[in-house]
Amino acid sequence: MLQVENLDVHYGAIQALHTVSLEVRQGEIVSLIGANGAGKSTFLKVLSGIHSASAGVVTFEGQQTTKWTPQQYVKKGIALVPEGRRIFKQMTVLENIELGAYLRRDHEQCKKDIETIYERFPILFERKHQNAATLSGGEQQMLAIGRALMSKPKLLLLDEPSMGLAPNYIRQVFELIQEINNDGTTILLIEQNAKMALSIADRGYVLEVGKVVLEGSGAALLNSEEVREAYLGG
């Protein structure tokens, strides 16, 4: 589904990613783990059209994405849940959800999909007319995921979904990720919580200082001595 080959990314004179190659197959959960500052969020910005690559090729369903606008990424079936959630706090929960469908024209189906979001996230239904600022961190993360799902993505990009959440919400979010995947959405998950990320991943990659240094099945990386020492506390 997604092929990334020899991706370089610069911020001015600083190179953030070095010849990164990665593959996401249809139906998979793929986790990209690494320490803060490894380049994980930069990678997702390129995959969602927010930042341009200096070199390399990204292909989605056989099409090169080089000249796509961010809107085209969404139209083609790629949705991003950004780091820090980035919901519109001054707007209601319902208004945030509706924004996820801003490129769609099938209005009647959108209404049905909103009901599906409410079924998946009952707390969002209860608070649909409240400003999003009144939600807890975990509830805001659910809202950010629900908003992304309204674009009907084939590939869902998740940037640090567990960041800043209480342990009970972290468990809920990862269970939700698995449910979304079971419903047919392919997922690329960027996470610092290596144990949780690899435990649900079909395959994983380890990013260090902008370079992929390890790759393998989620189970293999979870049991890797190198990964355990670096990211799992030994």
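For the sequence shown, the working numbering assigns the number 3 to the initial residue and increments by one for each residue that follows.
Every residue, glycine too, gets a C-beta built ideally from N, C-alpha and C.
The C-beta separation of glycine 139 from glycine 102 comes to about 19 Å, leaving the pair out of contact by the 8 Å criterion. Residues Met3, Leu4, Val26, Phe62, Gly79, Ile80, Ala81, Thr187, Thr188, Ile189, Leu190 of the same chain have their beta carbon placed closer than 8 Å to that of leucine 157, with the five preceding and five following residues left out of the count. With contacts defined as CB atoms closer than 8 Å, alanine 40 and valine 11 fail to qualify as a contacting pair. DSSP, read as helix, strand or coil, puts asparagine 133 in strand. Cβ neighbours of isoleucine 125 within its own chain (closer than 6 Å, five residues either side excluded): Glu141. Within the stretch 63-108, the complete alpha helix (DSSP H) segments of 4 residues or longer fall at 72-78, 95-101, listed in chain order. The three-state secondary structure of leucine 167, taken from DSSP, is coil. Of the residues assessed, valine 32 falls on the buried side of the cut-off, its CB having 16 or more other CB atoms within 10 angstroms. Contact annotation: the stretch 196-207 touches the stretch 220-234, with at least three C-beta pairs closer than 8 Å. With fewer than 16 other beta carbons inside 10 angstroms of its own, glutamine 111 counts as exposed.
Arginine 107 sits away from alanine 146, with the two beta carbons spaced by 8 Å or more. Here DSSP, grouped into helix, strand and coil, assigns valine 211 to coil. Contact between asparagine 98 and arginine 149 holds, with the beta-carbon distance rounding to 5 Å and staying under 8 Å. Relative to the Cα of glutamate 181, the nearest Cα in the group Glu121, Leu34, Ala221 belongs to Glu121. Collapsing the DSSP output to three states places serine 33 in a strand. As DSSP reads the structure, arginine 205 sits in a beta bridge with Val32, Ser219. Per the coordinates, the alpha-carbon of phenylalanine 123 lies some 13 Å from the alpha-carbon of isoleucine 179. Put simply, of Ile116, Ala18, Thr136 the residue whose alpha carbon is nearest the alpha carbon of phenylalanine 127 is Ile116. Here glutamate 30 is buried: its Cβ has 16 or more other Cβ atoms, across all protein chains shown, within 10 Å.
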